[in-house]
Every structure is written in structure tokens, then in C-alpha cells.
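Visitor: Under this note's numbering, the very last position in the sequence shown is 422; numbers go up by exactly one each time.
C-beta atoms are modelled at their ideal positions from N, C-alpha and C, and glycine is treated no differently.
These numbers were taken from a predicted model, which means no experiment stands behind them.
Handing you this structure, nothing more for now.
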Amino acid sequence: AWTLLLEAILLATFSCHDPQALIVLLGLGAIPPYLELRGRGKPTGTYFAHMLLFVVMLVLGWTSVTAEGLRHTHSLFVLIPLLIAILIRSGVAPFHCWMIDLCERATFGTAILNLLPITGAYAAVRLLLPIAPLWVMRSMGTISLFTAVYAAGMALIQTEGRRFFCYLFLSHSAMVLVGLEAIDKVALTGGLCVWLSIGLSLGGFGLCLRAIEARRGRVSMSEYQGLYEQTPLLANIYLLMGLASVGFPGTFGFVGMEMLVDGVVEEFPYTGAMILIASAFNGIAVIRSYFLIFTGVPLRSEMTLYLRIRERFVVVALAIIILGGGFIPQPGIAFQHAAALHLLEDRSWVDKADGFSPLDEDEHTEGDAHEAGEAHEEETAEEMSEEPPEMETSADYLELPADGNKGRD
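Right under this line is the structure:
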């Protein structure tokens with residue numbers, strides 16, 4: 014029941030554009046996981062403390078922003094509470110402990126549902142991106158870059174499946190934040206594409222881990238498990254989902270990751286290369302986990318580990334979507350590029366105040382084109398309303414001048 018309630022709140026959150034309603038929904042979204050933890054008799058201190066601070070900072074930050082006025086250049090002291098709230102909800106270090114705690118103590122399905130939509134990134138897009146100065150966004154991008162590398166490094170040394178999944182997710186979600194905070198149309202488009210890609214790929218990756226848990230208990234990565242012969246389809250889907258999350262060629266995330274890397278390296282010339290390090294670490298971590306879980310001495314068990322029909326349908330459908338998006342990426346890229354242009358246009362007044370313009374002169378959203386068309390129509394109407402200049406008549410033309418030359422032809 015709590016899972017269905019959380020899903021309903023998440024759907025309402027991602028359908029909401031009003032800042033005040035969004036803040037209410039973000040606060041409500043923190044309640045179902047807390048109630049589930051209490052119902053399971055698990056400690057709730059870490060989760061409760063982080064979510065309480067998140068809600069307080071979110072309300073305080075938006076109140077400070079609205080008090081100054083939305084169309085106003087805000088100081089860092091006004092934006093600090095809002096920044097802290099978004100960092101907490103996004104799991105950016107050092108505010109990531111609650112995510113690991115949730116993955117370990119809640120049901121894995123609830124943890125996946127709570128983490129994978131990356132609600133913190135949506136809060137950043139709706140609340141912070143339209144008003145924050147350029148230097149604030151780039152500072153947050155740098156922090157997110159360090160988080161991506163840190164989490165990827167931690168994923169390399171994990172010996173338990175859920176903790177490994179959580180750190181892998183933290184690294185990818187930090188990459189999405191880097192793309193959103195770069196204020197560059199290429200990086201922003203790449204960040205939006207990666208956001209959608211990891212929702213699909215890590216969703217399938219988590220479902221594979223959960224399928225193993227349902228048959229073997231918590232997944233240990235301290236020794237080789239040798240599960241391949243028992244469930245080869247699950248092993249292949251697991252590897253595909255893991256590689257898709259790091260942008261392997263032929264998968265949905267490949268083009269998006271390329272655009273993200275290109276835009277981030279251009280916007281952060283000194284630290285942007287860290288995203289390549291994080292991506293490499295994540296790829297190594299995925300391959301390492303695959304070998305530890307599925308290779309080694311084959312497992313001999315009387316209990317079958319084969320996927321059921323419903324499980325096969327879900328993972329195969331995700332695999333088809335991921336591969337289809339990899340071989341035919343243009344529709345998805347075009348859709349995300351249009352969204353990126355809209356987001357950049359929403360904050361155009363901030364960029365003009367900073368003397369910065371991420372959009373070219375010929376790149377306008379549909380609303381801008383409509384306004385430009387109305388302005389052109391008004392100018393045309395004004396020109397037509399002006400008194401037309403005197404035109405020469407045939408009589409004027411035939412009137413001969415004194416020298417008798419005009420009209421001779």
C-alpha cells in the first residue's frame with residue numbers, strides 16, 4: 014500500500030509545475046518510506062533527520078526567494094537553504110547517507126521507486142535552475158562532479174549487492190545534476206537523456222538484483238557465486254542493463270553520455286574530465302559485479318533460478334526499449350533538446366544579467382517564435398498605417414522639362 018501511495022505522489026510530483034504545490038508534494042513523498050521503515054521495525058533516525066532537514070530547508074529557501082521576488086538577482090545567502098535542500102534530496106555528498114540507509118533497511122522495491130526518478134533533479138529544474146546565477150549553478154556542478162567520482166570509487170569496493178547498487182546510482186544521479194547545472198545546451202540535453210536512460214537501465218539492473226534476492230537472499234559480492242548456468246537469461250540482461258547505464262555503444266544512453274561529456278568538459282575545462290573517470294569506474298564496477306555474481310564454480314541447487322514469465326516480460330521489454338533507443342536515438346534526442354531549450358529560455362533573464370547567453374540568436378522556443386511573430390505583425394501594421402509617399406503620376410512623367418529631354422523615350 015505504501016508503495017502505491019509513493020508511486021501516486023511521484024506521478025503527481027513530475028506532473029506539477031507550480032512551485033508551491035511542488036514543495037508540498039516533495040514533502041509528502043518523504044512520508045511513505047518512513048512509515049514503511051517503522052512498520053518493518055527498522056531504525057528511522059538517519060532517514061528522518063535528513064528528510065526533516067530537507068523539508069525545512071526547502072520551505073525556508075523558497076520563502077526567502079519569494080520574499081525578494083522571483084525576477085530578482087538573488088544572493089548566495091538567500092539561495093543557501095534551497096541549495097542544501099536539493100543536495101540532500103539528490104544524495105550529493107556529504108548528504109548521501111540516507112539513501113544507503115534506505116536501500117539497506119527498506120524493501121528493495123520501495124528503495125528503487127524512491128531513488129530512480131531522481132526527484133532532486135526535478136526540484137532543481139523547477140525551483141533552482143530558473144533563478145540561480147551562473148556561478149551558483151557551476152559551483153553545484155563542481156560538487157556533483159566530485160560526488161560522481163567518489164560514489165563510483167565506492168561502488169568498486171562494495172561487497173553487498175544493495176550498497177553496490179546505491180553507490181552506482183549515486184554516481185549516475187550526480188552526473189545528471191552536472192549536466193543540468195552546466196547551463197550549456199549540449200550538456201543539458203545530454204543530462205536529460207542520461208536522466209531518462211539511467212531510469213530505464215538502472216531500473217532493470219535493480220530488478221535483476223531483486224530477482225536474485227528473491228531466490229538466494231541478500232546478494233553477496235565477497236566471493237564468486239557461479240549463477241550463470243542456473244539463469245543465463247538473467248545474467249545476460251543484468252550485463253546489458255549495467256552496460257547501458259554507463260553509455261555502452263548501441264544502448265539508449267550512449268549518445269546522451271557522449272553529449273553530456275562533451276558539454277561538461279567544455280563548461281568545466283579543469284574538472285570536467287572527472288566525469289570520464291567516474292564513467293570508467295562505473296563500467297569497471299558493473300563488470301566486476303557481473304563476474305562475482307554469475308561466474309566461478311557453477312552453483313548446484315535443487316531450487317530453480319529461472320525467471321518466471323512475468324519477470325521475463327518486464328526485463329525483455331526494458332531490453333528492447335534500451336536497444337531500440339540506442340539504434341534509433343534521434344527522436345529521443347530531439348525531444349530532450351527541445352526541453353533543454355525551454356529550460357534555458359526560462360532562465361534567460363538571469364543569464365542576461367550575468368552577460369552570458371547559452372542560446373544562439375536563431376534558437377527560439379515555440380513561445381519566443383510566437384512573440385516574434387506578433388511583434389512582426391505589429392511592425393507591419395504600423396508601416397501600413399503610415400501615410401504612403403507621393404507617387405509619380407503619368408501626367409508628371411509626361412511633363413517635359415525645359416531642356417526637353419524627359420519623356421523622350
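With DSSP run on the structure shown, which of helix, strand or coil describes Ser302?
Guide: Note: Ser302 maps to helix in three-state DSSP.
Visitor: Could you name the residues that DSSP lists as bridge partners for Glu20?
Guide: Bridge partners of Glu20: none, in fact.
Visitor: To the nearest angstrom, report how far apart Asp381 and Tyr47 are at their CA atoms.
Guide: Legend: pLDDT at Asp381 = 45, less than 50; position of this residue unreliable, value from coordinates given subsequently. Computed Cα separation, rounded: 44 Å.
Visitor: Where does the unbroken alpha helix (DSSP H) through Pro143 begin, and where does it stop?
Guide: Where Pro143 is concerned, there is no enclosing alpha helix (DSSP H), given that its DSSP letter is neither H nor E.
Visitor: Based on Cα-Cα distance, which residue from Gly219, Leu141, Ala134 lies nearest to Val189?
Guide: It is Ala134.
Visitor: Relative to the alpha-carbon of Gly204, which residue among Arg231, Trp111, His185, His355 has its alpha-carbon at the smallest distance?
Guide: Considering only alpha carbons, the answer is His185.
Visitor: I'd like to check one pair, Thr160 with Leu183: are the Cβ atoms closer than 8 Å?
Guide: Yes, the pair counts as a contact, with Cβ atoms nearer than the cut-off.
Visitor: Can you tell me whether Ile219 is buried or exposed? The criterion is at least 16 other CB atoms within 10 Å of its CB, across all chains shown.
Guide: Sequence check: residue 219 is Gly here, not Ile. Answer is buried; the Cβ neighbour count reaches 16.
Visitor: Hey, how far is the Cα of Pro143 from the Cα of Leu331?
Guide: Pro143 and Leu331: Cα-Cα distance of roughly 33 Å.
Visitor: Can you tell me the Cα-Cα spacing of Pro32 and Gly74, whole angstroms?
Guide: Whole-angstrom Cα-Cα distance: 12 Å.
Visitor: Identify, in the order they occur along the chain, each residue of the same chain with its Cβ nearer than 7 Å to the Cβ of Ser157, setting aside the five sequence neighbours on each side.
Guide: Excluding residues within five positions, the ones whose Cβ falls inside 7 Å are Val105, Ala187, Leu190, Val191, Glu194.
Visitor: Once the 5 residues before and after Asp114 are set aside, which same chain residues still bring their CB inside 7 Å of it?
Guide: Cβ neighbours of Asp114 beyond the five flanking positions: Thr59, Tyr60.
Visitor: Out of curiosity, what's the CA-to-CA distance linking Val259 and Val78?
Guide: Between Val259 and Val78, the C-alpha separation is close to 37 Å.
Visitor: Between which two residues does the alpha helix (DSSP H) harbouring Phe340 extend?
Guide: 322 to 340 is the span of the alpha helix (DSSP H), which, as asked, contains Phe340.
Visitor: How should Leu357 be labelled, buried or exposed, when 16 other C-beta atoms within 10 angstroms of its C-beta is the threshold for buried?
Guide: Per the 10 Å Cβ criterion, buried.
Visitor: Hey, out of Trp15, Ile211, Met64, whose CA is closest to Phe261's CA?
Guide: Minimum Cα distance to Phe261 is reached at Ile211.
Visitor: Alpha carbon to alpha carbon, what distance is there between Phe265 and Ser152?
Guide: Whole-angstrom Cα-Cα distance: 29 Å.
Visitor: Determine whether the beta carbon atoms of Leu129 and Leu215 lie at a separation below 8 Å.
Guide: A contact, by the Cβ cut-off of 8 Å.
Visitor: Is DSSP giving Trp15 helix, strand or coil here?
Guide: Helix, per DSSP.
Visitor: In the structure shown, what three-state DSSP assignment does Glu242 receive?
Guide: Three-state result, Glu242: coil.
Visitor: Suppose the cutoff is 7 Å on Cβ atoms and the five residues either side in sequence are ignored; what does the same chain contact list for Ala119 look like?
Guide: The residues are Pro46, Glu49, Leu50.
Visitor: What does Glu173 pair with, by DSSP beta-bridge criteria?
Guide: Glu173 is bridged to Ser233.
Visitor: Report all residues from its chain with a CB closer than 8 Å to the CB of Ile170; omit the five preceding and five following residues, and keep chain order.
Guide: So the list is empty, once near-sequence residues are dropped.
Visitor: Got a sec? Which residues, its chain only, sit under 6 Å from Val299 by beta carbon, not counting five neighbours each side?
Guide: The residues are Gly255.
Visitor: What is the DSSP secondary structure of Lys55, counted as helix, strand or coil?
Guide: Three-state result, Lys55: coil.
Visitor: Are the beta-carbon atoms of Arg429 and Cys116 separated by less than 8 Å?
Guide: This structure cannot settle anything about residue 429, because the visible part of the chain is limited to 14 through 422.
Visitor: Is Gly104 helix, strand or coil by DSSP?
Guide: Coil at Gly104, not helix or strand.
Visitor: May I ask you to report which of helix, strand or coil DSSP gives Ile131?
Guide: Three-state DSSP puts Ile131 in coil, outside helix and strand.
Visitor: Taking the C-alpha atoms as reference points, what is the distance between Ile250 and Ala286?
Guide: Going by the C-alpha atoms only, they are around 30 Å apart.
Visitor: Thinking just about the alpha-carbon of each residue, which of Ser28, Val328, Arg325, Gly339 is nearest to the one in Val263?
Guide: A small fix is needed here, since residue 263 is Gly in this sequence, not Val. For Gly263, the nearest C-alpha among the options comes from Gly339.
Visitor: Measuring only the C-alpha atoms, how far is Leu57 from Ser292?
Guide: A small fix is needed here, since residue 57 is Thr in this sequence, not Leu. Cα to Cα, Thr57 sits roughly 32 Å from Ser292.
Visitor: If you follow the alpha helix (DSSP H) that Ala119 is part of, which residue opens it and which one closes it?
Guide: Neither: Ala119 is in no alpha helix (DSSP H) and is coded neither H nor E.
Visitor: For Ala227, is the classification buried or exposed, using 16 other Cβ atoms within 10 angstroms of its Cβ as the cut-off for buried?
Guide: Exposed, by the Cβ-count rule.
Visitor: Have a look at Leu320, Ile101, Val277 and flag the residue whose alpha-carbon is nearest the alpha-carbon of Ala248.
Guide: That would be Leu320, whose Cα lies nearest to the Cα of Ala248.
Visitor: Assign Val268 to one of three DSSP states: helix, strand, or coil.
Guide: Reduced to three states, the DSSP call for Val268 is helix.
Visitor: Measuring alpha carbon to alpha carbon, tell me which residue in Pro107, Leu147, Leu24 is nearest Ser88.
Guide: Minimum Cα distance to Ser88 is reached at Leu147.
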